[in-house]
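For the sequence shown, counting from 1, position 183 maps to 183 in UniProt numbering; every step adds exactly one.
Heads up, the thing below is written out as structure tokens.
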Amino acid sequence: MTRKFQKLLEVILKTVNKSHVTYMSSSIIKNARTVLSNTKTLASVKCDNIVKHINNSTLLQEIHAASLESTKPIPYQLGNWWQWYQHLTGLDVVQTAKHRVNQVQDILFKCQEERRKLTREVAHINKSLRDIYEELVQTWREDPKYMDLTILDNKHLKAKLAISSHLVLLENEERDLITQLAIAIKDYQVLDKKDYKCTKI
Numbered sequence: 001m002t003r004k005f006q007k008l009l010e011v012i013l014k015t016v017n018k019s020h021v022t023y024m025s026s027s028i029i030k031n032a033r034t035v036l037s038n039t040k041t042l043a044s045v046k047c048d049n050i051v052k053h054i055n056n057s058t059l060l061q062e063i064h065a066a067s068l069e070s071t072k073p074i075p076y077q078l079g080n081w082w083q084w085y086q087h088l089t090g091l092d093v094v095q096t097a098k099h100r101v102n103q104v105q106d107i108l109f110k111c112q113e114e115r116r117k118l119t120r121e122v123a124h125i126n127k128s129l130r131d132i133y134e135e136l137v138q139t140w141r142e143d144p145k146y147m148d149l150t151i152l153d154n155k156h157l158k159a160k161l162a163i164s165s166h167l168v169l170l171e172n173e174e175r176d177l178i179t180q181l182a183i184a185i186k187d188y189q190v191l192d193k194k195d196y197k198c199t200k201i
């Protein structure tokens with residue numbers, strides 16, 4: 001990337017030297033150099049931030065990922081030996097904790113999706129209410145359309161109230177699930193560290 005900037009700077013210098021504009025060239029070159037150096041530092045900082053973000057990001061479970069299965073069944077004795085080994089080293093507890101993290105994560109994703117759906121419904125109802133209010137302002141009270149608009153307005157307000165109360169419950173449930181997920185992840189990490197120390201010895 002820096003080579004491209006250096007080549008660009010050289011091309012600019014050659015063009016300026018050929019055009020006999022030497023009295024303005026020094027300020028132009030300084031400005032070009034500062035712009036290029038600022039761009040280069042900004043690009044390197046952004047690249048470093050992206051790399052750090054990728055390296056530090058936690059990988060979430062893919063919801064629709066296909067499980068890996070072997071083509072040949074595991075022999076019975078090997079299965080028993082593996083269960084005994086997991087129980088001896090504590091891997092079964094770690095796997096249970098990992099399974100708990102995945103369960104809570106799936107429930108949280110479903111809750112978030114339902115909350116987003118209800119939020120979209122509330123936004124749609126609010127838009128409908130705004131349209132109804134605009135028509136109500138323009139309609140006379142004696143007009144039969146006014147009564148229909150007030151009934152429609154009342155229905156929308158009741159629906160909005162019901163959805164809003166359900167939305168509050170979902171937000172509380174989501175908050176609880178986030179707490180449960182944090183606790184489950186912490187438990188899994190503690191058990192995994194203990195198990196890693198035991199199997200390493």
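Where is the CB? At the ideal position from N, CA and C, for every residue including glycine.
It should be emphasised that the depicted structure is a prediction, and the values quoted were computed from it without experimental measurement.
Val190 sits away from Ile163, with the two beta carbons spaced by 8 Å or more. Around the Cβ of Val104, a 10 Å sphere holds 16 or more other Cβ atoms; the residue is buried. Rounded to the nearest angstrom, the Cβ distance from Val101 to Ile178 is 13 Å, too far for a contact under 8 Å. The Cβ atoms of Ala32 and Ile50 do not sit closer than 8 Å to each other. Of the candidates Lys117, Asp153, Glu171, Asp153 places its Cα closest to the Cα of Glu134.
Short of 8 Å from the beta carbon of Glu171, and not among the five residues preceding or following it, lie these beta carbons of its own chain, in chain order: Arg115. Excluding residues up to 5 positions away in sequence, Val104 lie with their Cβ nearer than 7 Å to the Cβ of Gln180 in the same chain. For the 8 Å CB-CB criterion, Leu9 and Leu36 form a contact.
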